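With the first letter of the sequence shown counted as 1, position 74 gets the number 76 in this note's numbering; the numbers rise by one all the way through.
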Amino acid sequence: MDTPDFRRTVLFTILGAIIPGAGLIAAGRKKAGFTVFGVFVMGLVTLCLWAVVDPKGLASIAVTPEALNIVSVIAVVIGLAWVVVVIASHLALRNLPSQPQRVLGGLLVGVLAFAVAAPMAVAARYSYDQADLVANVFKRQEDNKSATRPSFDPKGGQNDPWKDKKRLNVLLLGGDGSSKRQGIRTDTVMVASIDTHTGNTTLISLPRCTANMPFPEDSPLHEYYPDGFTNGDPNDLEYCLTAMYENVPSNVPEDVLGETDNLNADVVKISVGEAIGLKIDYYVLVNLKGFEQLIDALGGLTLNVNFYIPKGGDKDAGIPPKEFLTPGPSQHLDGKDSLWYARGRFGYDDFSRMDRQRCVINAIVKQANPGTLLTRYEDIAKAGKEIVQTDVPQEMLPAMVELASRAQKGNLRSLVFKHGKNGFLVYRPDFELMREQVRKSIGETEKEKPKPKPSDPQPGDPESSKEPEDPETTKEPDDPETQQTDPPQQSEEPADPESDKPSSKSTEASEDAGDSCGFRPDIAATAKPKYDG
Numbered sequence: 003m004d005t006p007d008f009r010r011t012v013l014f015t016i017l018g019a020i021i022p023g024a025g026l027i028a029a030g031r032k033k034a035g036f037t038v039f040g041v042f043v044m045g046l047v048t049l050c051l052w053a054v055v056d057p058k059g060l061a062s063i064a065v066t067p068e069a070l071n072i073v074s075v076i077a078v079v080i081g082l083a084w085v086v087v088v089i090a091s092h093l094a095l096r097n098l099p100s101q102p103q104r105v106l107g108g109l110l111v112g113v114l115a116f117a118v119a120a121p122m123a124v125a126a127r128y129s130y131d132q133a134d135l136v137a138n139v140f141k142r143q144e145d146n147k148s149a150t151r152p153s154f155d156p157k158g159g160q161n162d163p164w165k166d167k168k169r170l171n172v173l174l175l176g177g178d179g180s181s182k183r184q185g186i187r188t189d190t191v192m193v194a195s196i197d198t199h200t201g202n203t204t205l206i207s208l209p210r211c212t213a214n215m216p217f218p219e220d221s222p223l224h225e226y227y228p229d230g231f232t233n234g235d236p237n238d239l240e241y242c243l244t245a246m247y248e249n250v251p252s253n254v255p256e257d258v259l260g261e262t263d264n265l266n267a268d269v270v271k272i273s274v275g276e277a278i279g280l281k282i283d284y285y286v287l288v289n290l291k292g293f294e295q296l297i298d299a300l301g302g303l304t305l306n307v308n309f310y311i312p313k314g315g316d317k318d319a320g321i322p323p324k325e326f327l328t329p330g331p332s333q334h335l336d337g338k339d340s341l342w343y344a345r346g347r348f349g350y351d352d353f354s355r356m357d358r359q360r361c362v363i364n365a366i367v368k369q370a371n372p373g374t375l376l377t378r379y380e381d382i383a384k385a386g387k388e389i390v391q392t393d394v395p396q397e398m399l400p401a402m403v404e405l406a407s408r409a410q411k412g413n414l415r416s417l418v419f420k421h422g423k424n425g426f427l428v429y430r431p432d433f434e435l436m437r438e439q440v441r442k443s444i445g446e447t448e449k450e451k452p453k454p455k456p457s458d459p460q461p462g463d464p465e466s467s468k469e470p471e472d473p474e475t476t477k478e479p480d481d482p483e484t485q486q487t488d489p490p491q492q493s494e495e496p497a498d499p500e501s502d503k504p505s506s507k508s509t510e511a512s513e514d515a516g517d518s519c520g521f522r523p524d525i526a527a528t529a530k531p532k533y534d535g
């Protein structure tokens with residue numbers, strides 16, 4: 003059964019599967035063999051030259067639905083053609099095989115056919131999934147109206163959309179519904195301000211309970227809210243940042259800003275931009291109900307846990323948490339536990355949650371590597387399609403992909419506005435002071451990353467982040483749904499915010515996101531679970 007002729011057939015069948023055409027050439031079918039080999043080489047050379055000469059153009063295929071559908075068809079055709087070449091090579095090579103040799107040859111061809119067809123099938127499937135994701139989440143500019151999005155002409159010679167744009171500012175919203183209310187409440191509000199040339203990024207977090215959110219004087223919304231979004235009671239969450247997405251559009255005309263598909267998002271973009279002194283370009287809204295699916299699709303997240311984080315609990319009903327995330331370094335959390343890490347608040351305030359949420363975002367940015375995206379792409383695409391909403395147009399995606407790559411390699415710092423710290427008060431915010439701190443933080447992001455200081459408090463730990471201030475000024479507005487803290491009384495005057503402003507000797511306004519989310523063994527060693535809310 004094992005003859006030199008059969009060994010030669012096996013060897014060149016395998017070689018022909020690796021290098022299409024080689025088997026046919028060895029079998030004497032030189033014309034067909036060199037034709038197949040030439041097509042194979044030309045395809046590889048063309049792809050390599052494209053990658054070298056126009057990498058942006060090649061990358062843009064991944065975010066263009068029409069091109070992705072074509073790639074899907076081409077992958078199927080290549081896979082079928084490759085299988086035919088493997089079969090033809092084997093048949094041309096064998097010479098009067100015995101019955102056992104026929105069986106072994108058939109098994110070999112079957113294995114090789116699967117080996118060459120499977121990657122093409124996966125490529126076709128991923129291309130189809132990607133096309134579906136892009137088409138569902140990112141609409142074409144002509145099909146998606148926005149009153150606040152910057153204009154972009156893909157046919158206007160803007161090969162570099164960042165040429166005249168130093169920074170890109172994207173509003174990140176975590177939306178959450180509830181059986182107790184209608185619509186969406188944006189419990190997470192962040193702005194990612196990205197240097198378009200270096201990729202250095204500053205994450206700016208605003209408390210959901212920030213009161214008196216402003217509108218620019220030249221905005222039509224200023225006519226309806228000249229004193230900001232308020233009813234005079236800074237403790238009323240229905241008139242705080244968290245409620246703007248749902249409540250403002252219901253109190254103004256649908257066309258107050260002109261044509262738009264999402265007045266809710268436009269309202270928050272305008273107000274947040276005015277509050278921090280940045281022009282918000284785009285928004286991304288993530289439904290936190292689907293956040294768990296996305297993290298599971300990514301294979302989980304590795305996070306440092308420095309204190310006991312509650313998993314559940316209801317203070318109103320007097321029910322303490324039964325489980326906690328326990329302290330420890332580099333813990334790999336699944337989607338459910340990652341969501342508790344970002345949102346657990348029994349015994350803690352919103353500012354602790356904000357600190358943990360930016361650590362989650364930092365982990366997603368750093369851990370969403372190409373290997374993970376490739377091996378879990380179908381699940382990621384399915385989860386992303388169901389939970390993400392945005393006004394970023396399809397035409398901007400190639401530039402966004404390139405910018406995301408720069409951001410992953412650049413510095414990532416964060417600025418979190420905390421009640422009672424550095425002059426910020428949630429119920430009486432000094433927006434000019436906030437704008438100054440944002441400007442300072444963006445400048446710090448361009449500097450070299452500072453070394454972590456052991457004495458620095460760990461973000462998210464309420465004990466280590468306390469400052470010796472009047473306790474009344476460090477309370478946040480009452481949340482009618484969670485009753486986390488008692489509100490300051492209206493008759494009580496908070497401490498003078500001037501006393502909280504950074505002095506001339508103030509240190510950096512922002513923190514390095516990677517360093518500030520590190521493990522703190524000194525804090526973890528003394529941490530205890532909280533059962534009293």
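Each residue gets a CB set at the ideal place from its N, CA and C atoms; glycine is no exception. Keep in mind that this is a model prediction, so the values were computed, not measured.
Close Cβ partners of residue i (< 7 angstroms) along its chain, the five nearest in sequence each way excluded
{"i": "Gln492", "result": "In this prediction, Gln492 scores a pLDDT of 33, lower than 50, which makes its location untrustworthy; the coordinate-derived value is nonetheless stated afterwards. Result list for Gln492: empty, nothing under 7 angstroms."}
{"i": "Val12", "result": "Leu110"}
{"i": "Glu438", "result": "none"}
{"i": "Val73", "result": "Ile63, Ser129"}
Contact set for residue i: own chain, Cβ-Cβ below 8 angstroms, skip 5 residues either direction
{"i": "Tyr247", "result": "Leu175, Gly177, Gly185, Ile186, Arg187, Thr188, Asn266, Ala267, Val269, Val270"}
{"i": "Leu399", "result": "Ser62, Val65, Thr66, Val136, Phe140"}
{"i": "Val88", "result": "Thr15, Gly18, Ala19, Gly25, Val111, Leu114, Ala115, Val118"}
Cβ-based burial, residue i [other Cβ within 10 Å; buried from 16]
{"i": "Arg210", "result": "buried"}
{"i": "Asn214", "result": "buried"}
{"i": "Pro121", "result": "exposed"}
{"i": "Trp52", "result": "exposed"}
{"i": "Gln101", "result": "exposed"}
{"i": "Arg345", "result": "buried"}
{"i": "Asn364", "result": "buried"}
{"i": "Phe326", "result": "buried"}
{"i": "Ile528", "result": "According to the sequence provided, residue 528 is Thr. The question's Ile does not apply to it. So Thr528 counts as exposed."}
{"i": "Ala319", "result": "exposed"}
{"i": "Met44", "result": "exposed"}
{"i": "Asp283", "result": "buried"}
{"i": "Phe36", "result": "exposed"}
{"i": "Val1", "result": "Residue 1 cannot be examined here, being either before or after the span of the chain that is shown, 3 to 535."}
{"i": "Leu170", "result": "buried"}
{"i": "Lys420", "result": "buried"}
{"i": "Pro323", "result": "buried"}
{"i": "Thr150", "result": "buried"}
{"i": "Ile321", "result": "exposed"}
{"i": "Thr190", "result": "buried"}
{"i": "Ile389", "result": "buried"}
{"i": "Thr198", "result": "buried"}
{"i": "Asp502", "result": "Bear in mind that the predicted position of Asp502 carries a pLDDT of just 42, short of 50, making it too unreliable to give a figure here."}
Inter-residue Cα distance where the pair is residue i and residue j
{"i": "Leu82", "j": "Leu296", "result": "33 angstroms"}
{"i": "Val85", "j": "Phe8", "result": "21 angstroms"}
{"i": "Val47", "j": "Gln410", "result": "30 angstroms"}
{"i": "Phe293", "j": "Leu341", "result": "7 angstroms"}
{"i": "Arg358", "j": "Leu243", "result": "19 angstroms"}
{"i": "Ser443", "j": "Pro431", "result": "18 angstroms"}
{"i": "Lys168", "j": "Val55", "result": "25 angstroms"}
{"i": "Pro163", "j": "Phe217", "result": "28 angstroms"}
{"i": "Arg10", "j": "Val41", "result": "25 angstroms"}
{"i": "Ser518", "j": "Asp134", "result": "37 angstroms"}
{"i": "Ala29", "j": "Leu95", "result": "5 angstroms"}
{"i": "Leu208", "j": "Glu404", "result": "28 angstroms"}
{"i": "Pro228", "j": "Arg142", "result": "35 angstroms"}
{"i": "Pro331", "j": "Asp263", "result": "44 angstroms"}
{"i": "Tyr343", "j": "Thr203", "result": "23 angstroms"}
{"i": "Ala385", "j": "Val105", "result": "45 angstroms"}
{"i": "Arg360", "j": "Leu205", "result": "8 angstroms"}
{"i": "Thr487", "j": "Leu223", "result": "Caution is warranted here: a pLDDT of 37 is assigned to Thr487, below 50, making its placement in the model unreliable, and no coordinate value can be reported."}
Range covered by the alpha helix (DSSP H) that runs through residue i
{"i": "Lys54", "result": "Per the sequence presented here, residue 54 reads as Val, with Lys not at that position. First-last of the alpha helix (DSSP H) with Val54: 32-55."}
{"i": "Arg10", "result": "6-20"}
{"i": "Thr528", "result": "523-528"}
{"i": "Ile27", "result": "24-28"}
{"i": "Asn71", "result": "67-95"}
{"i": "Val269", "result": "265-278"}
{"i": "Leu287", "result": "Taken as a continuous stretch (DSSP letters only), Leu287 belongs to no alpha helix (DSSP H), being part of the beta strand (DSSP E) at 284-289."}
Extent of the continuous beta strand (DSSP E) run through residue i
{"i": "Asn138", "result": "Looking at the DSSP string, Asn138 is not in any beta strand (DSSP E); the run it does join, the alpha helix (DSSP H), is 101-139."}
{"i": "Thr2", "result": "In the structure as shown, the chain starts at 3 and stops at 535, and residue 2 therefore has no counterpart that could be examined."}
Residues near residue i by beta carbon distance below 6 angstroms, same chain, minus five either side
{"i": "Ile80", "result": "Met122"}
{"i": "Ser148", "result": "Thr262, Asp393"}
| said: Runs of 4 residues minimum, wholly inside the segment 226-255: which ones carry the alpha helix (DSSP H) assignment? | reply: Runs found: 243-249.
| request: Would you list, in sequence order, the uninterrupted alpha helix (DSSP H) runs of no fewer than 4 residues that lie entirely inside the segment 298-354? | output: Fully enclosed alpha helix (DSSP H) runs of 4 or longer: 337-345.
| said: For a minimum of 3 consecutive residues, which ranges assigned as the beta strand (DSSP E) are wholly contained in the segment 350-430? | reply: Segments of the beta strand (DSSP E) lying fully in the segment 350-430: 390-392, 414-418.
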